[in-house]
Amino acid sequence: MSTTPTRVFAARLVGLPIFDPQGDQVAKVRDLVVALRAETSQPRVLGMVAEVFGRRRIFVPMTRVTAIDAGQVRTTGLLNMRRFEQRSTETLVVGQMLDRTVTIRDTGITGTVYDVGLEQARNRDWVVSRVAIQEPGKGFRRKGQTHVVEWRDVTGLAAPEETQGATHLVHALNEMRPADAANMIHDLPIERRTAVIAALDDERLADVLEELSEEDQVDILSNLDSERAADVLEEMSPDDAADLIAELSSETAETLLRLMEPGEAEDLRRLMAYVENTAGAMMTSEPVILGPDATVADALAHVRNPELTPAEAALVYVCRPPLETPTGRFLGVAHIQRLLREPPSTLVAGALDDSMDPLRPSATIDEVAAHLATYNLVAAPVVDEDGRLAGAVTVDDLLDHMLPEGWRDRAVRRG
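Structure follows, in structure tokens:
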């Protein structure tokens, strides 16, 4: 491993691509596995938890790692594709060691772990050699002083910790894509997961919930107090929130709907009234809607919203007021690709595509799929019998409903 640095820090490894000897990316680093022994004995790094295609997590032994350099990890290419199952003698660095409360022996300073340094010993084994610690903030200082000390100079990291916080793990999760963060949360021990959920803000938790299996969604929401659960549902996409509420008991669902803002609750009740696996049940009620007097510049400004998915940003829907679903009369859609070819001051209404019949809320899942495939669309309007825009179906909505029930959960559990 001549190209491998003598020391690396765990938090900097998370998310790095893993390449085989041919230079093909085969996985991404998601965590590191160590064997904690005694307080004074350096923990040996057993390997990496890596994510491969399909969000499956596998174990990559350190003996298979040939280099860590230039923002990447290289392996022998001989990887076992069995799903990673943590043993009782193993500890996850990011999932379980970060935020652990420890004390520096000589000074008595107490703080939380925010990173761990790894080093290759003379016998070629990788061990934990350094611990990065942050003291609590004092006075007007939001962040306390930091220290990087030898492993042997710290107490408390190998002992069970019932009051472990989640600050640094939450920071790591906030840097990930929602699907990756959801995958990590799924694999956390229950106590650790509870602490992380409590520390996430409502908007981020909503993003993560949308990427979890229904089982995990219901479990997490059921363990929140009702006020916070309602707030998180308001932050979710209406179609995802409606699907989740439909999995709850009728009493719980009604309680949460009453706690939500009336307008948000009304949207969800309307979506829940549609028959399952129809366009109405899978559509979003908040597409990009503009009036006939909007310009191309207005449309482009709306679709720049980073919270929109690519499919949601592909079309704008032009309607008569009111511009919230159900809208006034639906006039047509404008494709962003077409609008990019028009002067910014041009009216969107002059670039409408009204050549296709819109979907009806009662359209079956097969009819929706056929419609998108026939017209090469990633999204399509759903219009009610009165000619009002009720919402829009996107290709990702369609896939969520076409894939087998529980596909998210199986994607991370199979192996």
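Counted from 1, the sequence shown has number 1391 at position 267 by the numbering used here; the numbering is strictly sequential.
For glycine and all other residues, C-beta sits at the position ideal for the given N, C-alpha and C.
Would you check if the distance between the CB atom of D1230 and the CB atom of A1256 is smaller than 8 Å?
Contact: no.
Between the CA atoms of P1362 and R1328 - distance to the nearest angstrom:
R1328 and P1362: Cα-Cα distance of roughly 16 Å.
From D1349 to I1321, what distance separates their C-alpha atoms?
Straight-line Cα distance between these residues: approximately 12 Å.
Determine the burial state of N1307: buried for a count of at least 16 other Cβ atoms within 10 Å of its Cβ, exposed for fewer.
Per the 10 Å Cβ criterion, buried.
Let's test the definition: count the other Cβ atoms within 10 Å of the Cβ of Y1398 and tell me whether it reaches 16, buried, or not, exposed.
Answer is buried; the Cβ neighbour count reaches 16.
Taking C-alpha atoms, which residue in P1411, L1242, L1381 and A1290 lies nearest to V1502?
In this structure, P1411 is the residue among P1411, L1242, L1381 and A1290 with its C-alpha nearest to the C-alpha of V1502.
By Cβ distance, which residues of its chain are closer than 6 Å to A1323, with the 5 residues on each side in sequence left out?
Within the same chain, A1323 has close Cβ partners A1290 and V1294.
Relative to the C-alpha of S1486, which candidate in V1158, L1312, L1160 and A1405 has its C-alpha closest?
Selection V1158, L1312, L1160 and A1405 evaluated against S1486 yields A1405 as nearest (Cα-Cα).
How many Å lie between R1207 and F1183 at the Cα?
When rounded, the distance between both Cα atoms is 7 Å.
Which listed residue (V1519, N1347, A1135 and D1223) has its alpha carbon closest to that of T1236
For T1236, the closest of V1519, N1347, A1135 and D1223 by C-alpha to C-alpha distance is D1223.
Determine the closest residue to A1475 out of L1345, V1427 and V1420, with distance taken between C-alpha atoms.
It is V1420 whose Cα lies nearest to the Cα of A1475.
Between the region 1512-1530 and the region 1450-1461, can you find at least three pairs of beta-carbon atoms closer than 8 Å?
Yes, since at least three Cβ pairs between the region 1450-1461 and the region 1512-1530 fall closer than 8 Å, the two stretches touch.
If I measure Cβ to Cβ from P1102 and keep anything under 6 Å in the same chain, skipping five residues before and after, which residues do I get?
The displayed coordinates of the chain run from 1125 to 1539. Any statement about residue 1102 would go beyond what the structure contains.
Inter-residue spacing [alpha-carbon to alpha-carbon] between I1142 and R1484:
Cα to Cα, the separation comes out at about 46 Å.
Runs of alpha helix (DSSP H) wholly within the region 1309-1377 (minimum 4 residues, chain order):
Complete alpha helix (DSSP H) runs here, min 4: 1314-1323, 1326-1333, 1338-1346, 1350-1359 and 1362-1370.
Pull up the CB-CB distance for V1153 and L1137, whole angstroms please, since I reckon it's below 8 Å.
Contact flag correct, Cβ pair sits at about 5 Å.
Give me whichever residues DSSP pairs with H1459 in a beta bridge.
The partner list for H1459 (beta bridge, DSSP) reads L1439.
Could you please give the first and the last residue of the uninterrupted beta strand (DSSP E) stretch that includes A1296?
A1296: not part of any beta strand (DSSP E); member of the alpha helix (DSSP H) spanning T1291 to N1298, first to last residue.
Out of curiosity, what's the CA-to-CA distance linking A1194 and G1139?
Approximately 13 Å between the Cα atoms of the pair.
I need the straight-line Cα distance from Q1269 to Q1244, nearest angstrom please.
C-alpha separation (whole angstroms): 28 Å.
With a threshold of 7 Å on Cβ separation, who are the neighbours of A1353 within its own chain once the five nearest residues in sequence on each side are excluded?
Excluding positions up to five away in sequence, the list reads L1345 and L1380.
What's the C-alpha gap between D1144 and L1372?
If I take the Cα positions, the gap works out to 45 Å.
Report, in whole angstroms, the separation of the C-beta atoms of D1477 and V1457, which I expect to be a contact under 8 Å.
Going by Cβ atoms, the distance from D1477 to V1457 rounds to 5 Å, so yes, they are a contact pair.
My output table needs one value for T1227: the three-state DSSP class, helix, strand or coil.
Correct three-state label for T1227: strand.
If you draw a straight line from the alpha carbon of H1426 to that of Q1258, how long is it in whole angstroms?
Straight-line Cα distance between these residues: approximately 41 Å.
Please state whether the Cβ-Cβ distance between T1488 and T1408 is less than 8 Å.
Result no, Cβ atoms of T1488 and T1408 do not sit closer than 8 Å.
Identity of the residues DSSP links to D1508 by a beta bridge
None, per the DSSP bridge assignment.
Rounded straight-line distance, which links the Cα of F1133 to that of T1234:
Each residue's CA atom was taken as its position, placing T1234 and F1133 some 21 Å apart.
List the endpoints of the continuous beta strand (DSSP E) containing G1171.
Where G1171 is concerned, the enclosing beta strand (DSSP E) stretches over R1168 to V1176.
7 Å Cβ shell around E1466 - same chain, five flanking residues per side excluded
By the criterion of a C-beta distance shorter than 7 Å, E1466 is surrounded in its chain by V1420 and A1475, once the five residues flanking it on both sides are discounted.
G1232 to A1135 span [Cα, whole Å]:
Rounded to whole angstroms, the gap between the alpha carbons of G1232 and A1135 is 25 Å.
In the DSSP assignment, what residue or residues form a beta bridge with Q1210?
According to DSSP, which records beta bridges pairwise, Q1210 is partnered with nothing at all.
Roughly how many angstroms lie between the CA atoms of E1509 and R1181, to the nearest whole one?
Distance between the alpha carbons of E1509 and R1181 is about 47 Å.
Kindly indicate which three-state DSSP category G1201 falls into: helix, strand or coil?
Per DSSP, reduced to three states, the secondary structure at G1201 is coil, with no helix or strand assignment.
Cα-Cα separation between D1524 and V1492, rounded to whole angstroms
If I take the Cα positions, the gap works out to 13 Å.
Less than 8 Å separating the beta-carbons of R1188 and L1202?
Taking 8 Å as the Cβ cut-off, R1188 and L1202 qualify as a contacting pair.
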